[in-house]
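First the structure, in the form of structure tokens, and then the observations on it.
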Amino acid sequence: MLGRTLDLRTSDDGRTAALPGLPEPGQRTNRMLFRSILSLHWRDQASQRLTPIKVDTMAMQGSRDYDHLFKLLIIGDSGVGKSSLLLRFADNTFSPNYITTIGVDFKIRTITIDGQKVKLQIWDTAGQERFRTITSTYYRGTHGVIVVYEVTSGDSFSNVKRWLHEIDTNCDSVQKVLVGNKADDPDRRVVMEPDARRFAESMRIPFYETSAKENLNVEEMFNCITKLVLDAKLRASASQPHQEQGGMRLDASGKRGGEKKKCKCG
Numbered sequence: 399m400l401g402r403t404l405d406l407r408t409s410d411d412g413r414t415a416a417l418p419g420l421p422e423p424g425q426r427t428n429r430m431l432f433r434s435i436l437s438l439h440w441r442d443q444a445s446q447r448l449t450p451i452k453v454d455t456m457a458m459q460g461s462r463d464y465d466h467l468f469k470l471l472i473i474g475d476s477g478v479g480k481s482s483l484l485l486r487f488a489d490n491t492f493s494p495n496y497i498t499t500i501g502v503d504f505k506i507r508t509i510t511i512d513g514q515k516v517k518l519q520i521w522d523t524a525g526q527e528r529f530r531t532i533t534s535t536y537y538r539g540t541h542g543v544i545v546v547y548e549v550t551s552g553d554s555f556s557n558v559k560r561w562l563h564e565i566d567t568n569c570d571s572v573q574k575v576l577v578g579n580k581a582d583d584p585d586r587r588v589v590m591e592p593d594a595r596r597f598a599e600s601m602r603i604p605f606y607e608t609s610a611k612e613n614l615n616v617e618e619m620f621n622c623i624t625k626l627v628l629d630a631k632l633r634a635s636a637s638q639p640h641q642e643q644g645g646m647r648l649d650a651s652g653k654r655g656g657e658k659k660k661c662k663c664g
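Numbering (the working numbering), first residue to last: 399 to 664.
Below is the structure:
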């Protein structure tokens, strides 16, 4: 899907709106369009020059049916079960067939936390080194990151530190949770639960052992990271009661102050 351009011609002046990354007509895709991946340009037919314009993709969705919209990212080594966790949570399905994720995939689910409807954009990233330059761009706008290893792989657990460092490199402030997946296979377990829990406590992040196959702790884990993100947003809003929507501040006279500096992770 990524990389294609769909030209939408206007009727008044002959200019063309180019929307990179949209599917071909008739191709199935998610209804949601994301601020983080959508760019819109006007292409002048004579000069072929592209002029970027800003688009509020939320306006394209009609009336909102949620109170909050959060982006979650699932990262970890290849084969630890990131896609399986996403499919279990979003679609309540599980496939024993292993298919490597190429680049990035995403799904959407709306849940209720503390009486508020939260729409989640959950991004599943490839774990292979050759895709690292692709997935690193998707940290932008992320509110929460799920770091996954598998309890049957010591290497995937050892690499958790590297993944946490990558988060800190790309994000100034983001909520995190550590997940030990494939907890349904005790005979092949090499990472003990107490060891992983102590490590998570030293990093000051929540810890869950999950099984996408057995649907163990998947719902609880996603609810946890969502609540962390929601609580962080509410705390930030409470600490900035005079900030206007869009990042502008008002001074004592009621005039607009400087724009608030935003971190990379939204």
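For each residue, glycine too, the CB sits at the ideal point set by N, CA and C.
Where do the ends of the beta strand (DSSP E) carrying Arg602 lie?
The count along the sequence shown starts at 1 and reaches residue 602 at position 204. No beta strand (DSSP E) contains Arg602, which DSSP labels as neither H nor E.
Please report the straight-line C-alpha distance between Trp561 and Leu485, rounded to a whole angstrom.
Taking the first residue of the sequence shown as position 1, residue 561 is located at position 163. Taking the first residue of the sequence shown as position 1, residue 485 is located at position 87. Whole-angstrom Cα-Cα distance: 22 Å.
Contact check, Ser481 vs Asp522, beta carbons under 7 Å
To locate residue 481, count along the sequence shown from 1; it is residue 83. To locate residue 522, count along the sequence shown from 1; it is residue 124. Between Ser481 and Asp522, the gap from beta carbon to beta carbon is short of 7 Å.
Could you tell me if Thr535 is buried or exposed, where buried requires 16 or more neighbouring beta carbons within 10 angstroms of its beta carbon?
Start at 1 with the first residue of the sequence shown, and residue 535 comes out as number 137. The residue is exposed, with fewer than 16 neighbouring Cβ atoms inside 10 Å.
Below 8 Å on the Cβ atoms is my guess for Pro604 versus Ala598; work out the distance and round it to an integer in Å.
Counted from its first residue, the sequence shown places residue 604 at position 206. Counted from its first residue, the sequence shown places residue 598 at position 200. Confirmed, Cβ separation roughly 7 Å.
Could you say which of Leu632, Thr608 and Ala594 lies nearest to Gly479 if we only look at CA atoms?
Within the sequence shown, the letter at position 81 stands for residue 479. Nearest C-alpha to Gly479: Thr608.
Which residue's Cα is closest to the Cα of Arg462: Ser637, Lys515 and Asn557?
To locate residue 462, count along the sequence shown from 1; it is residue 64. It is Lys515 whose Cα lies nearest to the Cα of Arg462.
Consult DSSP for Phe504 and reduce its assignment to one of helix, strand or coil.
Here residue 504 refers to the residue found at position 106 when the sequence shown is read from its first residue. Reduced to three states, the DSSP call for Phe504 is strand.
Starting from the C-beta of Asn428, find all residues in its chain whose C-beta is less than 8 Å away, skip the five residues before and the five after it, and write them out in chain order.
Walking along the sequence shown from the start, residue 428 turns up at place 30. The predicted position of Asn428 is uncertain, since its pLDDT is 43 and thus under 50; a value taken from the coordinates is nonetheless stated next. Cβ within range, chain order: Phe504, Lys505 and Ile506.
Tell me whether the beta-carbon of Gly474 lies closer than 7 Å to the beta-carbon of Tyr547.
Sequence index remark: in the sequence shown, residue 474 carries index 76 (1-based). Sequence index remark: in the sequence shown, residue 547 carries index 149 (1-based). Yes, they are a contact pair.
Using a 10 Å radius around the Cβ and a threshold of 16 neighbouring Cβ atoms, would you call Gly644 buried or exposed?
Taking the sequence shown and counting its residues from 1, one reaches residue 644 at position 246. Only weak support exists for where Gly644 lies, its pLDDT of 44 falling under 50; the value from the coordinates is given anyway. Classification of Gly644: exposed, given that the 10 Å Cβ count is below 16.
Backbone CA spacing between Asn615 and Ala581 [nearest angstrom]
On the sequence shown, position 217 is the one that residue 615 refers to. On the sequence shown, position 183 is the one that residue 581 refers to. Rounded to the nearest angstrom, the two C-alpha atoms are 10 Å apart.
Quick one: measure Cβ to Cβ for Leu576 and Val545, integer angstroms, because I've assumed they're closer than 8 Å.
Here the question's residue 576 lines up with position 178 in the sequence shown. Here the question's residue 545 lines up with position 147 in the sequence shown. About 5 Å; that satisfies the 8 Å criterion.
With DSSP collapsed to three states, give me the class of Leu420.
What you label residue 420 is simply residue 22 of the sequence shown in a count that begins at 1. Reliability of the predicted coordinates at Leu420 is poor, the pLDDT of 40 falling under 50, and the value obtained from them is presented with this limitation in mind. Residue state, collapsed to three classes: coil.
Check Glu539 in the structure and name its three-state DSSP category.
Here residue 539 refers to the residue found at position 141 when the sequence shown is read from its first residue. It is Gly, not Glu, that sits at residue 539 in the sequence shown. Gly539 falls in the coil class under three-state DSSP.
Tell me which residues share the same chain as Phe492 and place their Cβ nearer than 7 Å to its Cβ, disregarding the 5 neighbours each side in the sequence.
Taking the sequence shown and counting its residues from 1, the one referred to as residue 492 is at position 94. Here the set comprises Ser482, Leu485, Arg486, Ala610 and Lys611.
Applying the criterion that 16 or more other CB atoms from any shown protein chain within 10 Å of the CB defines a buried residue, is Thr540 buried or exposed?
Counting from one through the sequence shown, the residue named residue 540 turns up at place 142. Looking at its Cβ environment, which holds 16 or more other Cβ atoms inside 10 Å, Thr540 is buried.
Closer than 7 Å by C-beta to Ala630: which residues in its own chain qualify, once you throw out the five before and the five after it? Chain order, please.
Taking the first residue of the sequence shown as 1, we reach residue 630 at position 232. Closer than 7 Å at Cβ, skipping near neighbours: Gln573.
With 16 other Cβ atoms within 10 Å as the buried cut-off, status of Thr624:
Residue numbering aside, residue 624 sits at position 226 when the sequence shown is read from its first letter. So Thr624 ends up on the buried side.
Report the option in Tyr606, Val588, Lys469 and Ser637 whose CA atom is closest to the CA atom of Gln519.
Looking up residue 519 in the sequence shown gives position 121. The residue with the shortest Cα to Cα distance from Gln519 is Lys469.
Anyone know if the C-beta pair for Val588 and Gly542 falls short of 7 Å?
Here residue 588 refers to the residue found at position 190 when the sequence shown is read from its first residue. Here residue 542 refers to the residue found at position 144 when the sequence shown is read from its first residue. Not a contact, by the Cβ cut-off of 7 Å.
Using only alpha-carbon positions, find the residue among Ile509, Ser556 and Pro584 that is nearest to Leu467.
Reading the sequence shown from its first residue, position 69 is the one you call residue 467. Out of Ile509, Ser556 and Pro584, Ile509 has the C-alpha closest to the C-alpha of Leu467.
Beta-carbon proximity list for His563, same chain, < 8 Å, skipping 5 on both sides:
Working through the sequence shown from its first residue, we reach residue 563 at position 165. So no residue of the chain qualifies.
Nearest-angstrom Cα separation, counted from Arg586 out to Leu626
Reading the sequence shown from its first residue, position 228 is the one you call residue 626. Reading the sequence shown from its first residue, position 188 is the one you call residue 586. C-alpha separation (whole angstroms): 32 Å.
Among the residues of its own chain, which have a CB less than 6 Å from the CB of Ser465, if the five just before and after it don't count?
Numbered from its first residue, the sequence shown carries residue 465 at position 67. Strictly speaking, residue 465 in this sequence is Asp, with Ser absent from that position. These residues qualify, in order along the chain: Gln514 and Lys515.
With a CB to CB cut of under 8 Å and the five nearest residues on each side skipped, what residues in its chain are close to Asp583?
On the sequence shown, position 185 is the one that residue 583 refers to. Closer than 8 Å at the Cβ level, and outside the excluded window around Asp583, lie Val549 and Thr550.
Opening and closing residue of the alpha helix (DSSP H) in which Ile626 lies
Your numbering for residue 626 matches position 228 in the sequence shown. Residue identity check: residue 626 is Leu in the sequence provided, not Ile. Here the alpha helix (DSSP H) through Leu626 covers Val616 to Ser637.
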